[in-house]
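Numbering (the numbering used here), first residue to last: 431 to 559.
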């Protein structure tokens with residue numbers, strides 16, 4: 431129950447992070463870090479094989495970082511802006527999303543291997559048990 435609740439809260443946080451991302455200055459930074467926080471919470475909420483929360487938070491955060499956020503959107507790369515800032519923010523995002531994606535995929539693999547072992551045990555004839 432707590433994982434479902436925290437998963438939906440992480441999706442709501444990633445939706446809520448879109449509003450401060452429109453704001454110039456510190457608002458866009460707050461929106462960026464709210465997206466990262468939502469990714470972390472959704473990764474830990476998805477550890478029981480419910481990767482829906484992580485996928486939803488990931489898609490919303492990609493949209494937020496690449497298209498909505500005032501400090502990191504893709505249109506800033508074509509103009510003369512601070513590329514070091516934009517690159518560092520993309521770097522932080524890539525590292526956090528990679529770690530969270532690894533956590534979710536690892537738990538999916540572990541969950542799948544446990545379920546495969548259980549089905550193999552159930553399929554064995556009674557003489558081998």
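Beta carbons are placed, not taken as given, at the ideal position from N, Cα and C, and that holds for glycine.
Being a predicted model, the structure only gives us computed values, none of them experimental.
Subject >> 8 angstroms Cβ shell around residue 515 - same chain, five flanking residues per side excluded >> reply: 501
Original post:
Residue range of the alpha helix (DSSP H) that residue 450 falls in?
Top reply: Unbroken alpha helix (DSSP H) run through residue 450: 448 to 452.
**OP:** Consult DSSP for residue 503 and reduce its assignment to one of helix, strand or coil.
**Re:** coil
Subject >> Burial state of residue 455, where buried means 16 or more other Cβ atoms lie within 10 Å >> reply: Under this definition residue 455 is an exposed residue.
Original post:
Which of helix, strand or coil does DSSP assign to residue 431?
Top reply: In the structure shown, residue 431 sits in coil (DSSP, three-state: anything other than H, G, I, E or B).
**OP:** Note down the Cα distance separating residue 534 from residue 466, rounded to an integer number of angstroms.
**Re:** 15 angstroms
Original post:
Where residue 495 and residue 486 are concerned, what is the direct C-alpha to C-alpha distance, given to the nearest angstrom?
Top reply: When rounded, the distance between both Cα atoms is 14 angstroms.
**OP:** Under 8 angstroms Cβ to Cβ from residue 504, same chain only, skipping five residues before and after it: list those, please.
**Re:** 496, 497
Original post:
According to DSSP, is residue 481 helix, strand or coil?
Top reply: coil
**OP:** Assign residue 443 to buried or exposed, taking buried as 16 or more other Cβ atoms, counted over all protein chains shown, within 10 Å of its Cβ.
**Re:** By the neighbour-count rule (16 or more Cβ atoms within 10 Å), residue 443 is buried.
Subject >> Backbone CA spacing between residue 449 and residue 458 [nearest angstrom] >> reply: Rounded to whole angstroms, residue 449 to residue 458 spans 9 angstroms at the Cα level.
**OP:** Say whether chain D places a C-beta atom closer than 8 angstroms to the C-beta of residue 435.
**Re:** In the structure shown, chain D does not exist; there is a single protein chain.
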